[in-house]
Structure formats: structure tokens, C-alpha cells
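The numbering of the sequence shown is our numbering, which starts it at 96 and goes up by one.
Backbone N, C-alpha and C define an ideal beta-carbon position, used for all residues, glycine too.
Read through the structure below, which is laid out as C-alpha cells, and then see the notes.
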Amino acid sequence: MRVEFDRDTCIGMYQCVAEWDAFEKNLNDGKADLADSEETDDDLFVVEVPDGEELDAKFAARACPVDAIEVYDDDGEQVV
């Protein structure tokens, strides 16, 4: 499972931070950061979800008020 985070879309409500420890507040930018992620050519930040944290990742995506977080299963199908 992987998470794609569109940081440009983020508005800094930090609801994802409350749901999953992989997200951190960046008060200087007023946006969240996705720890240990890699930036793609599409300006997305991508990270593989560690075992046991799948539910937290899904909750973080569902909590985002601007849908800046997407979760994909191992087959590449979007689940959130």
C-alpha cells in the first residue's frame, strides 16, 4: 500500500497529523509534511505504508478536507 500526498493542495488543517504519525506539522509553510516520502515528477510526495499502519493511512486520507491524500493498494487501485 502506498500514499500519495499533493502538498500544493494542502491547506494546513493538520487533520492528517492527528490520524497518522507519518504526517507532521510544518508551521513555517502552513502545510503538512509526509515523513520519509519521495517527491515525484508530478509534485506528489509518495511513501510506502509500513505494515500495521494501513488503517491510519486511510484515516488520514479520509480526514483531509481538500482530498490532498490518496491511498493505493498493492495492485495500484485507489482505495481512498
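Spatial neighbours of V112 in its chain, beta-carbon cut-off 7 angstroms, leaving aside the 5 residues before and after: Looking up residue 112 in the sequence shown gives position 17. Counting only Cβ-Cβ distances below 7 angstroms, and skipping sequence neighbours, we find F118, E119, K120, A127.
Of the residues F154, A155, E149, P160, the one placed nearest D168, counting alpha carbons only: To locate residue 168, count along the sequence shown from 1; it is residue 73. Ranking F154, A155, E149, P160 by Cα distance to D168 puts E149 first.
Neighbourhood of E134 by C-beta distance below 6 angstroms, restricted to the same chain and skipping five residues each side: Walking along the sequence shown from the start, residue 134 turns up at place 39. Taken in chain order, the residues that qualify are F140.
Collapsed DSSP secondary structure at E134 in the structure displayed: Translated into positions along the sequence shown, residue 134 becomes position 39. Strand.
Selection from D116, V174, T104 that minimises the alpha carbon distance to D138: Reading the sequence shown from its first residue, position 43 is the one you call residue 138. Out of D116, V174, T104, T104 has the C-alpha closest to the C-alpha of D138.
Beta-carbon spacing of D151, D101 below 9 angstroms: What you label residue 151 is simply residue 56 of the sequence shown in a count that begins at 1. What you label residue 101 is simply residue 6 of the sequence shown in a count that begins at 1. No; because the gap between Cβ atoms is not below 9 angstroms, this pair is not in contact.
V166 classed as buried or exposed, judged by whether at least 16 other C-beta atoms fall within 10 angstroms: Residue 166 sits at position 71 when you count from the first residue of the sequence shown. By the neighbour-count rule (16 or more Cβ atoms within 10 Å), V166 is buried.
Three-state secondary structure (DSSP) of L129: In the sequence shown, counting from the first residue as 1, residue 129 sits at position 34. If DSSP states are grouped into helix, strand and coil, L129 belongs with the strands.
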